[in-house]
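Novice: I have a structure I would like to understand better, so I am pasting it below and will then ask my questions one at a time.
Numbering (the working numbering), first residue to last: 137 to 237.
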C-alpha cells in the first residue's frame, strides 16, 4: 500500500549445489544465485555449504524457495539475521518457558 513502509528481513542462504554442477558449471551456479533480485551477494564457500548468499526480503522463506527451484541447487538452508537484543530476548523467553514447566 502506498505510504506504508516495507519491512525487510535479512538472512543468509546456505546453498548446496548439485554434484553435476560442481565440476565445470560451478561459476554459473554462483551467478544464478547472485542474480536473484533479493540477493545482495552470493559467494562460494568451503564447508557445509557451497554458496552463501545474503538476501533482504519481506519473506526470506519465499526467496529460499526461489533459490531451491534453480536447476543447480540441491538444498537451501536459511539463517535469519537478528539483532543481539532480539536474540537475547528470545533466549530469555525460551528459558522462562522451560522454568515454568
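Every residue gets a Cβ at the ideal spot worked out from N, C-alpha and C, and that includes glycine.
1) Residues in the same chain with beta-carbon distance under 7 Å from residue 174, minus the five sequence neighbours each way, listed in chain order, please.
2) Assuming residue 161 is part of the alpha helix (DSSP H), what are its boundary residues?
3) Can you list, in chain order, the residues of its chain whose CB lies under 7 Å from that of residue 216, leaving out five sequence neighbours each side?
4) Please determine, among 201, 202, 176 and 169, the residue with the shortest C-alpha to C-alpha distance to residue 187.
5) Between residue 213 and residue 150, how many whole angstroms is the CB-CB distance? I'm expecting something under 8 Å.
6) The alpha helix (DSSP H) with residue 171 in it runs from where to where?
7) Per the DSSP calculation, residue 190 is bridged to which residue(s)?
8) Using the Cα positions of residue 171 and residue 230, report the straight-line distance between them to the nearest angstrom.
Specialist: With the given structure in hand:
1) Excluding its 5 nearest sequence neighbours in each direction, residue 174 has C-beta neighbours in its own chain below 7 Å: 191, 192, 193 and 199, listed in chain order.
2) Membership of residue 161 in any alpha helix (DSSP H) is not indicated, and neither H nor E is assigned to it by DSSP.
3) Contacts found: 145, 147 and 196.
4) When each option's Cα is compared against that of residue 187, the closest is 169.
5) Between residue 213 and residue 150, the beta carbon gap of about 4 Å places them in contact (Cβ cut-off 8 Å).
6) Element bounds for residue 171: n/a, residue is neither H nor E.
7) In DSSP, residue 190 forms a bridge with 148 and 177.
8) If you draw a straight line from the Cα of residue 171 to the Cα of residue 230, it is about 38 Å long.
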